[in-house]
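Reviewing the structure listed below.
Chains as they are written, first to last, in UniProt numbering: chain H, 1 to 434; chain C, 1 to 434.
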């Protein structure tokens, strides 16, 4: 994918194209020599009279297997001509938007138009795995490759719903943890050992059951104390946003909303933390029945973070709570809890130059004033760019809320792709003049 | 495997060899036309003056992948000449003992000895999956192929420890259940949907945490009320048996025993029920981190049953408890609990003719009086043979307690194999004369 992008950039006339190697993948990996995928850098234009916009995107995707329930091969793009939809892993997250930016340049080239800004692109291949290596690269290149950058634009999120474009000024962070419980030296037969040894799964399920309740409330003491209080003014912001319980139900494909009104849904998606239990490594996970006592099980969960949760303090609270819950079990099994990766939340000013330019472009293309929204998901690199380059970051989404990023049958509507490209281009023109 | 056995039986001079087809695999299977593996029947000798012994074994094995942690390819037998050990899936459970029986016949053929009994063999290929189809076949052949059978012998269990041979007169049963919880229409992104929809994993973990505690106590009300009370006389039986906490620790490869003395360990292995949580289907089960909210999760657990637990009543108690625990969650998710398969417990008379013959043979070969033990594992077919044929069943184990049946690096010591074959043969001679 990195080489594909380099070829595309060359064809479009980018200069100073560089593949930045990031060293080897850190433990735990089987192959200690496994290289991280490189970061692709490139420039288009170098006019000192113009502003410089850095466009960030990622060329890696979530795992996908046809067996997960995909209707088409996940790694072959399927164009449904009747529905006017593009299906495939990465269509909306984030290969589609990355190619969209390249199409904006291609269109300018074909029309003989001058780009109203200098463009710097930064495409990485580890976004779905905690953007390993990118923080260091951004810090290192802040005064080098990225020196003249005035603004960073990222198209790696989605509309809130399915009909109205949005601009995004806030993101939740994500701290991902694992609980490791280890007992016998190998998996054992539950007939022979059931009832006479302490089973790691019993301990793990008990500990995992103390993390969150059925209403979505996090049960780890102290977490909510760090959440910024909701002011009346902020509460009113949610009134005008275009969303409904029905839209959530359509997006989730179920009637499983935890809240019965738009405002509570949005607040719990954007400005309150959440905790999801993702799964267990090492236990039986196939179909049918296997009478095994798993020897070592690893429970995975993550917490979505919001202002003003301090990431390190959250880790401490999580470790304290889980250690205390494990101690209550008086188990002879070995126990460990650890952070796999983290990324902070982000909130910006929705009335700065880049948001204003993006709002104008959106209105031109879609004939509607966009909603100013936040997002439940994480793009930790947003914060890194803001901090290291000292510039504003804009999140300008291309896809819809029902695109199924990270899920099966991920898609991007053709209308979102075409109007999305137009919006990206229009934004560069408004921002160049601002 | 069935065809391999048929060839072996032909070579040894068995007659009336039949492959009994069992029809198609019942739902849920992907291929509705998938045939069950056939049952292999054969006779050796047909002398009306001799007793007839039915030998049961199975040629199927538990799943195994090299990646699970095997030191050698699980499906290639590895002979460690230094340790005098045979490694491979099925070495002890149950391919080794099955081939042992065939070696007994081969030895008689080569020595020109007459077998002291008529032998009927019945080898199945679904033992590790609930012996599907075998119950019906045994019932159907009770008055046909199996008409003249006087006794059934099964070598499909293990010594209690690693040094002293045992004869087994009791087994626990096993009821295997799954809890299915289904929410959104597809797996979702935990950033976008975390905190606003009811997550099936949260519900499942809560329900699974109410089944058993860290001390191994089953928390489903009413289960222990069905367990036969322990009498003083029975309690004393455990005094003389050769076993120790250290032996359990060696077998489990850990210091995770729930009990600090031999008698409690044996009682909890043999005459009390246990509940093991085996795993979750549908959740994230790989290494690393995936920020997914699984749409449908299936929790697997089983209960080992003992006298006088009624299987159907146990199902009712399980369903009632889990349904009640799920209702407490007030969850909008869909919920189902079901039995995957069951098999009853079994207890026999350790002083009947076949146990006495097996005890003599064991003493001849091993120079020690065997311990009379029960087993924690299940061989449901034991009960079926006893009931349908109206004859005694003997469990005459070949392997040791640390053989790792169902685990990685499953093995059979060569000394157990050779002395095991001698014991099987000796047993037939003593039983033929009884």
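Glycine residues also receive a C-beta, built at the ideal position from the N, C-alpha and C atoms.
The beta carbon of residue 102 of chain C sits closer than 6 Å to those of 8, all from its chain and outside the five residues before and after it, given in chain order.
With its beta carbon at least 8 Å from every one in chain H, residue 352 of chain C lies outside the interface. Ranked by Cα distance from residue 212 of chain C, the options H:304, H:333, H:195, H:376 are led by H:195. Contact annotation for residue 163 of chain H against chain C: no contact, minimum CB-CB distance about 17 Å [criterion: below 7 Å]. Against chain C, a Cβ distance below 7 Å from residue 212 of chain H picks out 202. Rounded to the nearest angstrom, the Cβ distance from residue 203 of chain H to residue 133 of chain C is 38 Å, too far for a contact under 8 Å.
Listed along chain H are 332, each with a C-beta nearer than 7 Å to that of residue 255 of chain C.
With a threshold of 8 Å between beta carbons, residue 281 of chain H makes contact with chain C. Comparing alpha carbon positions, the residue from H:379, H:362, H:378 closest to residue 371 of chain H is H:362. Closest in C-alpha terms to residue 364 of chain H, from the list H:424, H:68, H:403, comes H:424. In chain order, 252, 253, 254, 256 make up the part of chain H whose C-beta sits under 7 Å from the C-beta of residue 184 of chain C. With respect to chain C, the C-beta atom of residue 172 of chain H has a partner C-beta closer than 8 Å. Note on residue 349 of chain H: under 16 other CB atoms within 10 angstroms of its CB, so exposed under the neighbour-count rule. Taking 8 Å as the threshold, the shortest C-beta distance from residue 187 of chain C to chain H falls below it. Against chain H, the CB of residue 272 of chain C has a partner CB under 8 Å away; the residue lies at that interface. Taking C-beta atoms as the reference points, residue 394 of chain H and residue 358 of chain H count as a pair closer than 8 Å. The beta-carbon separation of residue 87 of chain C and residue 399 of chain C, rounded to 12 Å, does not stay under the 8 Å limit for a contact. By the beta-carbon neighbour count (other beta carbons within 10 angstroms, threshold 16), residue 283 of chain H is buried.
In the structure shown, residue 346 of chain H falls within a strand segment according to DSSP collapsed to helix, strand and coil. By alpha-carbon distance to residue 42 of chain H, the top candidate from H:52, H:33, H:35 is H:52. The beta carbon of residue 321 of chain C sits closer than 7 Å to those of 220, 221, all from its chain and outside the five residues before and after it, given in chain order. Residue 174 of chain C is bridged by DSSP to C:304, C:343. Assignment of beta strand (DSSP E) within the segment 352-403 of chain H, counting only whole runs of 3 or more residues, yields 371-375, 392-395 in chain order. The beta-carbon of residue 197 of chain H is placed less than 8 Å from the nearest beta-carbon of chain C. From the beta-carbon of residue 209 of chain H, the residues of chain C found nearer than 8 Å are 205, 206, 208, 209.
Secondary structure of residue 310 of chain H (DSSP, three-state): coil. In this structure residue 275 of chain C is buried. Its beta-carbon is surrounded by 16 or more other beta-carbon atoms within 10 angstroms. Contact with chain H is absent for residue 45 of chain C, since none of that chain's Cβ atoms lies less than 8 Å from the residue's Cβ.
Under DSSP, residue 284 of chain C shares a beta bridge with H:279. Closest in alpha carbon position to residue 416 of chain C, among C:257, C:100, C:190, is C:100. Shown in chain order are the members of the segment 404-419 of chain H whose Cβ falls below 8 Å from a Cβ of chain C: 404, 405, 406, 407, 408, 409. Per the C-alpha coordinates, the member of H:375, H:67, H:180, H:201 positioned closest to residue 306 of chain H is H:375. In this structure, the alpha-carbon of residue 402 of chain H lies about 23 Å from that of residue 382 of chain H. The beta carbon of residue 419 of chain H lies closer than 7 Å to those of 365, 366 in the same chain, with the five residues before and after it left out. Across the set C:37, C:33, C:30, C:15, the C-alpha of C:37 shows the shortest separation from the C-alpha of residue 22 of chain C. In the DSSP assignment, residue 87 of chain H falls within the beta strand (DSSP E) that extends over 85-87.
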